[in-house]
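Peer 1: Numbering-wise (this note's numbering), the sequence shown opens with residue 68 and increments by one. One structure is given below, represented as structure tokens, and several questions about it will come after.
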Amino acid sequence: MSTAPYLYSLYQQLLDQSLVMLRLASEGQWDELIACEMDYVSAVQKLAELTQKTEPSTVTQEQLRPVLRAILENETAVKRLLQARMDELAKLVGQSNIQKSVLTTYGKQGGHILVPQETEIRDTPTN
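Here you go:
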């Protein structure tokens, strides 16, 4: 019995899931992406187990190569978008820490408001 059609079907499902993940990442739907990623990892594990039990033929491997290439390209794009999001979050955390530091520093003033004093400007006669 050939497992090639079943294997091809699993790879196609994995490709479909990777496309959904790429769309979610592109749209900034991070919570949905995480949920989808769990299913994706499970599908990858299922594929790994199947291919360990029965190694696909050379012909099947050649047929799966374009699908696998597309999956890897989608993964790379998702990782790039995730890294951009991580950088954005790190920047926001940094700004938040700076604001907290400023508030803490000014909070130590004991509620006193520091206002520049007005200086009296006098006209001095020039000789």
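Cβ atoms here follow ideal geometry from the backbone N, Cα and C, with glycine treated the same way. Owing to the predicted nature of the structure, the values given are computational and were not obtained by experimental measurement.
Where do the ends of the alpha helix (DSSP H) carrying residue 122 lie?
Peer 2: Taken as a continuous stretch (DSSP letters only), residue 122 belongs to no alpha helix (DSSP H), as it is neither H nor E.
Peer 1: DSSP state of residue 99, grouped into three classes?
Peer 2: If DSSP states are grouped into helix, strand and coil, residue 99 belongs with the helices.
Peer 1: In angstroms, rounded to a whole number, what distance separates the CA positions of residue 105 and residue 125?
Peer 2: Taking the straight line from one Cα to the other gives about 30 Å.
Peer 1: As a quick exercise: from 93, 70 and 168, pick the residue whose alpha carbon is nearest that of residue 147.
Peer 2: Nearest C-alpha to residue 147: 93.
Peer 1: Tell me which residues share the same chain as residue 89 and place their Cβ nearer than 7 Å to its Cβ, disregarding the 5 neighbours each side in the sequence.
Peer 2: Answer for residue 89: 141, 144 and 145, listed in chain order.
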